[in-house]
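Asker: Residue numbers (the working numbering): 121 to 274. Where a beta carbon is used, it is the ideal one built from N, C-alpha and C, also for glycine.
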Amino acid sequence: MATKKSIPDTTAVDAVNTRFLQSLLGYNARRAALSIIGVFLERLAVYGLKPVDFSVMSVIHHNPGVTSRQLCASLSILPPNLVGLIQSLESRGLIDRKPHPTDGRAVGLHPTDKGVTLMLQAEVTAFELEIDASSKLTAKQRQTLVQLLQKIYL
């Protein structure tokens with residue numbers, strides 16, 4: 121019995137079809153995030169802040185006395201992942217730990233003067249880079265996009 125040999129597929133693709141992927145919210149959100157994060161890493165390197173460092177410092181900056189538990193809940197960070205980050209920020213002189221005023225077991229995280237100065241500069245840089253990264257949007261479109269994304273996770 122003779123068997124038919126399979127012929128290798130030798131078709132070529134001139135243009136890649138990504139229509140299905142482009143119809144997915146997660147795909148689009150991830151692609152947008154990647155383009156912004158690339159610029160973020162570049163522009164905030166001068167401050168020694170990665171995205172997660174920036175997020176943690178921003179919450180501490182705007183909420184002096186916040187606890188690690190509150191940070192984890194507000195930023196969806198696992199407690200073991202926060203421990204080293206807090207130690208790093210403290211060793212850089214950006215934050216201090218102080219006893220919580222009402223919970224003897226808790227410790228509040230406070231920005232130092234150095235941390236406040238750093239965040240005032242870093243937040244301006246972050247805001248400017250997002251304006252640049254979303255330059256194809258109007259201010260109203262940018263605001264609407266942020267509001268719509270927040271409906272998904274808040």
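Whole angstroms are fine: how far does the CA of Tyr147 sit from the CA of Leu154?
Answerer: In a straight line, the C-alpha of Leu154 is about 11 Å away from that of Tyr147.
Asker: For the beta strand (DSSP E) holding Pro231, just list the boundary residues, first then last.
Answerer: Pro231 -> beta strand (DSSP E) spans 227-231.
Asker: Check the C-beta distance from Ile180 over to Ala253 and give it rounded, since I have them as a contact under 8 Å.
Answerer: Contact flag wrong, Cβ pair sits at about 25 Å.
Asker: With three or more beta-carbon pairs closer than 8 Å as the criterion, would you say the stretch 221-233 touches the stretch 166-183?
Answerer: With the cut-off at 8 Å, the stretch 221-233 and the stretch 166-183 touch.
Asker: Using only the alpha-carbon positions, how far apart do Pro219 and Tyr273 sit?
Answerer: If I take the Cα positions, the gap works out to 31 Å.
Asker: Only counting the same chain, and skipping five residues up and downstream in sequence, which positions put a Cβ closer than 8 Å to that of Cys192?
Answerer: Cβ within range, chain order: Leu198, Pro199, Leu202.
Asker: In this structure, what does DSSP give as the bridge partners for Val186?
Answerer: Its beta-bridge partners are Leu229.
Asker: Can you look up Arg212 in the DSSP assignment and give me helix, strand or coil?
Answerer: Reduced to three states, the DSSP call for Arg212 is coil.
Asker: If you reduce the DSSP assignment to three classes, tell me which class Lys256 lands in.
Answerer: Lys256 falls in the coil class under three-state DSSP.
Asker: For chain C, find out if any of its Cβ atoms is closer than 8 Å to the Cβ of His230; answer yes or no.
Answerer: Of the protein chains in the structure, only one exists, and it is not chain C.
Asker: Should the stretch 206-220 be regarded as contacting the stretch 243-258, the criterion being three or more beta carbon pairs within less than 8 Å?
Answerer: No: the two stretches stay apart, fewer than three of their Cβ pairs being nearer than 8 Å.
Asker: Would DSSP call Pro221 helix, strand or coil?
Answerer: Coil.
Asker: Does DSSP put Leu191 in a helix, in a strand, or in coil?
Answerer: Helix at Leu191.
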